[in-house]
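Residue numbers (my numbering): 1431 to 1629. Below: one structure, written as structure tokens.
Okay, here's the thing in structure tokens:
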């Protein structure tokens, strides 16, 4: 990452990202419908990881769409399990102003053709965080789900600042570990959907 080596990333990121797919499998992702939804999200994230190895606009957009759909899959998993809508509303009341501040900071730095994709992405990831908090409201053990979503949110802020704000390597040095921790947490959440796991 420090050297921004495409070859180095090609040799390391696909292997590292395969780790969270394997982790989800070992945690029983295929045993429940929410677990399968999370596995779909992890697969989409894998595609996004490979796409973002490259710096051109087309791979970046592919990565953006892949991660956006991954967040949709995580949101679907939360709704499949069941959410406490009052928790969702409370989380939205806190998160929406924070997301708006991030957008206001990024807006002057965004190319015009990236405005709609970035706004759509921010809406979807914010919705994911609020819905996973709603799942935690419905079942306390799923606070881990919300933690993973929030770590993902922070990681994506790091990516946005790096891509559009020129934040540099220090930002990536924080964001990349956050991302992989978030994905491993998501993989572990699959085990919490198993019968009796949250008891």
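For every residue, glycine included, the Cβ atom is placed at its ideal position computed from N, Cα and C.
Kindly indicate which three-state DSSP category residue i falls into: helix, strand or coil?
i, result
"residue 1615", "helix"
"residue 1623", "coil"
"residue 1565", "helix"
"residue 1437", "helix"
"residue 1514", "coil"
"residue 1485", "coil"
"residue 1450", "helix"
"residue 1630", "Residue 1630 lies beyond the stretch modelled for the chain, which goes from 1431 to 1629, so this question has no answer here."
"residue 1457", "coil"
"residue 1462", "coil"
"residue 1547", "helix"
"residue 1629", "Caution applies to residue 1629, whose pLDDT of 46 falls short of 50 and renders its modelled position unreliable; the model cannot decide the point."
"residue 1607", "helix"
"residue 1540", "coil"
I'd like to know whether the C-beta atoms of residue i and residue j end up nearer to each other than 8 Å.
i, j, result
"residue 1579", "residue 1517", "no"
"residue 1561", "residue 1505", "yes"
"residue 1583", "residue 1464", "no"
"residue 1559", "residue 1525", "yes"
"residue 1468", "residue 1619", "yes"
"residue 1646", "residue 1568", "Outside the shown range of the chain, which is 1431 to 1629, sits residue 1646, and nothing can be said about it."
"residue 1479", "residue 1447", "yes"
"residue 1576", "residue 1453", "no"
"residue 1470", "residue 1503", "yes"
"residue 1511", "residue 1554", "no"
Give me the Cβ distance between residue i and residue j, rounded to the nearest whole Å; I'm assuming they're in contact under 8 Å.
i, j, result
"residue 1472", "residue 1613", "6 Å"
"residue 1541", "residue 1494", "So it is not a contact: roughly 13 Å between Cβ atoms."
"residue 1458", "residue 1626", "12 Å between Cβ atoms; not a contact."
Shorter than 8 Å from the beta carbon of residue i to some beta carbon of chain B?
i, result
"residue 1459", "The structure shown contains no chain B, having only a single protein chain."
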